[in-house]
Amino acid sequence: MSFLIPAAYADAAAPAAGPAGTGFEWIFLVGFVVIFYLMIWRPQAKRAKEHKNLLGSLQKGDEVVTTGGIAGKVSKVSDDFVVLEVSNTVELKIQKGAIAATLPKGTLKAI
Numbered sequence: 036m037s038f039l040i041p042a043a044y045a046d047a048a049a050p051a052a053g054p055a056g057t058g059f060e061w062i063f064l065v066g067f068v069v070i071f072y073l074m075i076w077r078p079q080a081k082r083a084k085e086h087k088n089l090l091g092s093l094q095k096g097d098e099v100v101t102t103g104g105i106a107g108k109v110s111k112v113s114d115d116f117v118v119l120e121v122s123n124t125v126e127l128k129i130q131k132g133a134i135a136a137t138l139p140k141g142t143l144k145a146i
């Protein structure tokens, strides 16, 4: 029964945490924060900025695709909404935030 160690021996064998351990913990924490910033925060902020610029630059005649996959030509732009011409007789009013990307001119005619 050598796997049973009395409590007195187990306490004596445990290393004592001292001031040397706290420096390593701070370095690890700072490294984790830096990695979090570089891999998650910064790219997400960049995408949000690009999307905001995209929505700000929308104008009549732009060909866009929505987050739902609807492609159309912008026929009217207001502060919060955009009217998309999906076909000759169908127009949809959607929120600006639902626009995912602009398409090159002539894309809708090629589809």
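In the numbering used here, each residue's number is its place in the sequence shown (first place is 1) plus 35. The beta-carbon is built from N, C-alpha and C at its ideal position, and this holds for glycine as well. Computed from a prediction, not measured in an experiment: that's the story for all the values here.
Name the DSSP beta bridge partners of residue i, please?
i: Leu119; result: Val109 and Leu127
i: Ala136; result: Val100
Kindly give me the distance between the Cβ atoms of residue i and residue j, rounded to whole angstroms, as I take these residues to be in contact under 8 Å.
i: Val117; j: Ile105; result: Contact doesn't hold; Cβ gap of about 11 Å is too wide.
i: Val100; j: Ala135; result: 6 Å
Relative to the C-alpha of residue i, which candidate in the options has its C-alpha closest?
i: Lys108; options: Asp114, Leu93 and His86; result: Leu93
i: Asp156; options: Gly91, Asp97, Ile75 and Gly58; result: Coverage of the chain is limited to positions 36 through 146, which leaves residue 156 absent and any answer about it impossible.
i: Ser122; options: Leu138, Lys140, Thr102 and Lys144; result: Lys144
i: Thr137; options: Asn88, Val125, Thr124 and Leu127; result: Asn88
i: Thr142; options: Thr57, Val125, Asp97 and Gly103; result: Asp97
i: Gly103; options: Ala133, Thr57, Ile75 and His86; result: Ala133
Return yes when the Cβ of residue j is within less than 8 Å of the Cβ of residue i, no when it is not.
i: Lys131; j: Ser110; result: no
For this session: Determine, using beta-carbon pairs with one atom in the region 77-87 and one in the region 58-65, whether at least three such pairs fall under 8 Å.
Result: They do not touch, by the three-pair rule.
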